[in-house]
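Start counting the sequence shown at 444; every next residue gets the next number (my numbering). Ideal Cβ positions, reconstructed from N, Cα and C, are used throughout, including at glycine.
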Amino acid sequence: MSRVGFVGPVRFMRRVGLVKPVGFVGPVSRVEPVGLVSSGDPVSPVGSVGLASPVSPASPMGRALAPGSAHARSPGTRKIDCTVSDFVSSADVPQQVPQGSPGGEHQPGVSVRHFRGKGEPRFPDGPRADPAGSHFERRIRSFQPRRSRVTAGQADALQRLWATWGLDIDGHPVDLAELFGDDRPVVLEIGFGMGEATAQMAAADPGTGILAADVHTPGQGNLLNLADRGGLTNVRVANGDAIILLREMLPADSLDGLRVYFPDPWPKKRHHKRRLIQPEFLDLAATRLRPGALVHCATDWVPYAEQMLEVLTAHPGFANTRPDGGFAPRPDFRPLTRFEGQGLDKGHAVNDLLFRRVQHPVQPGER
Numbered sequence: 444m445s446r447v448g449f450v451g452p453v454r455f456m457r458r459v460g461l462v463k464p465v466g467f468v469g470p471v472s473r474v475e476p477v478g479l480v481s482s483g484d485p486v487s488p489v490g491s492v493g494l495a496s497p498v499s500p501a502s503p504m505g506r507a508l509a510p511g512s513a514h515a516r517s518p519g520t521r522k523i524d525c526t527v528s529d530f531v532s533s534a535d536v537p538q539q540v541p542q543g544s545p546g547g548e549h550q551p552g553v554s555v556r557h558f559r560g561k562g563e564p565r566f567p568d569g570p571r572a573d574p575a576g577s578h579f580e581r582r583i584r585s586f587q588p589r590r591s592r593v594t595a596g597q598a599d600a601l602q603r604l605w606a607t608w609g610l611d612i613d614g615h616p617v618d619l620a621e622l623f624g625d626d627r628p629v630v631l632e633i634g635f636g637m638g639e640a641t642a643q644m645a646a647a648d649p650g651t652g653i654l655a656a657d658v659h660t661p662g663q664g665n666l667l668n669l670a671d672r673g674g675l676t677n678v679r680v681a682n683g684d685a686i687i688l689l690r691e692m693l694p695a696d697s698l699d700g701l702r703v704y705f706p707d708p709w710p711k712k713r714h715h716k717r718r719l720i721q722p723e724f725l726d727l728a729a730t731r732l733r734p735g736a737l738v739h740c741a742t743d744w745v746p747y748a749e750q751m752l753e754v755l756t757a758h759p760g761f762a763n764t765r766p767d768g769g770f771a772p773r774p775d776f777r778p779l780t781r782f783e784g785q786g787l788d789k790g791h792a793v794n795d796l797l798f799r800r801v802q803h804p805v806q807p808g809e810r
């Protein structure tokens, strides 16, 4: 490759005045970077004796650090970079954070960009990170929390709507009638992705409350946005570990349904223990589901579908709705999800499982 016109980093820095040669020590001149002393005067260390000489005011660095320049700062100060939330907004919009609940003081289109210091929450009025402190609990989990980019619209929804439509899974008991405002039947959905299918099901069945649990912040914000725009007052978004929600927060026989659509299949054999649909999980779920409640699972990973069918069939608290004891066709109330469409495009087979909670009393640990 031709090196015509190539300027090495040291030569470039020397050219713009960021470094200066200090004696000739061989093929390459030894260079020292420009620095700052506590008084605020720009200096460059000289040689090995540790002396400092001021940067020439005529040099590019001297002009940049001159009083009144954009890069100058007061003597004795230290620059501290701010942490910016992962969502973005237009730089020319006033830096405001919307407050309140649905219908509050928020002005549409106003940025919710938030500069926060170290240790401050991403969304002061939104979901908390690991609200139950479940990372201290020694238990194999079926999910992997991940940080993803939150858009300005999602962040806006989290700030405005969480106080009214959100639930942090913190281990404190919850009254579903109080949460939804009435005694309507409630279905728990574990893992809802970006929430499009959840919003469609809520719109098609406004008499049923959907408690949608996930740890994915962009999905939480997107579902709140969809619910707000569609006027879906029967949706509540839960943030955190669904096991803690079932085990510590929901009362017995409080749910009319359980939906688990396209959970992580954990395809590697050594990770099968992380799969959500396991006998122990069904023991717990059976104590929270009313007799007659519908358990609906769907996956495009055939080995996982077969395992789901096996453990659900073997559990005394559930009965297959299919007379042949096999998989069920996709019911009309479950819309085609984006993830499902991607799987179908790849030739994956999608299997649905529909089981009813039967009257047989189930105690944790019984199978």
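>> In the DSSP assignment, the alpha helix (DSSP H) including Val893 goes from what residue to what residue?
In response: Outside the shown range of the chain, which is 444 to 810, sits residue 893, and nothing can be said about it.
>> So Arg800 and Ala729 are supposed to be a Cβ contact under 8 Å. How far apart are they, rounded?
In response: Counting from one through the sequence shown, the residue named residue 800 turns up at place 357. Counting from one through the sequence shown, the residue named residue 729 turns up at place 286. Right, their Cβ atoms sit about 6 Å apart.
> Cα-Cα, which of Asp743, Ala771, Phe798 and Arg718 is closest to Arg781?
Replying inline: For the purposes of this step, residue 781 is taken as residue 338 along the sequence shown, with counting starting at 1. Between Arg781 and the set Asp743, Ala771, Phe798 and Arg718, the nearest pair of CA atoms involves Asp743.
> Can you give the beta carbon distance from Ala681 to Leu737, rounded, assuming they're within the 8 Å contact cut?
Replying inline: Residue 681 sits at position 238 when you count from the first residue of the sequence shown. Residue 737 sits at position 294 when you count from the first residue of the sequence shown. No, Ala681 and Leu737 are not in contact; Cβ-Cβ is about 19 Å, not under 8 Å.
> Thinking C-beta only, is Gln721 closer than 9 Å to Val754?
Replying inline: The residue you call residue 754 lines up with position 311 of the sequence shown. The residue you call residue 721 lines up with position 278 of the sequence shown. Yes, these two residues count as a Cβ contact at 9 Å.
> Val745: buried (16+ other C-beta within 10 angstroms of its C-beta) or exposed?
Replying inline: As a working note, residue 745 is residue 302 in the sequence shown. Exposed, by the Cβ-count rule.
> Within 8 Å: the Cβ of Glu691 and any heavy atom of the ligand PLP?
Replying inline: With respect to small molecules bound, the structure shown includes none, and the ligand PLP cannot be examined in it.
> Does DSSP put Thr607 in a helix, a strand or coil?
Replying inline: Counted from its first residue, the sequence shown places residue 607 at position 164. The answer is helix: DSSP assigns Thr607 an H, G or I state.
>> Checking the sheet assignment: what are the DSSP bridge partners for Thr742?
In response: What you label residue 742 is simply residue 299 of the sequence shown in a count that begins at 1. According to DSSP, which records beta bridges pairwise, Thr742 is partnered with Asn794.
>> Here's the rule I'm using: 16 or more other beta-carbon atoms within 10 Å means buried, otherwise exposed. How should His659 be labelled?
In response: To locate residue 659, count along the sequence shown from 1; it is residue 216. The residue in question, His659, is buried, as its Cβ has 16 or more Cβ neighbours within 10 Å.
> Which partner residues of Asp657 appear in the DSSP bridge assignment?
Replying inline: Position 214 of the sequence shown, counted from the first residue, corresponds to residue 657. According to DSSP, Asp657 bridges with Asn682.
>> Below 8 Å on the Cβ atoms is my contact criterion, and I expect Thr607 with Val630 to pass it. Report the Cβ-Cβ distance as a whole number of Å.
In response: Here residue 607 is taken as the residue at index 164 of the sequence shown, counted from 1. Here residue 630 is taken as the residue at index 187 of the sequence shown, counted from 1. The pair is not a contact, with the Cβ atoms about 20 Å apart (cut-off 8 Å).
> Exposed or buried, what is Asn794 when buried is set at 16 or more other beta-carbons lying within 10 Å of its beta-carbon?
Replying inline: Looking up residue 794 in the sequence shown gives position 351. Classification of Asn794: buried, given that the 10 Å Cβ count is 16 or more.
> Count the other CB atoms within 10 Å of the CB of Pro661; is the residue buried (16 or more) or exposed (fewer)?
Replying inline: Counted from its first residue, the sequence shown places residue 661 at position 218. Burial call: buried.
>> By the three-class DSSP mapping on this structure, what secondary structure does Gly560 have?
In response: Within the sequence shown, residue 560 is the residue found at index 117, counting from 1. Bear in mind that a pLDDT of 48 at Gly560, under 50, signals an unreliable position, so the number given afterwards is only what the model happens to contain. Here Gly560 sits in coil by DSSP.
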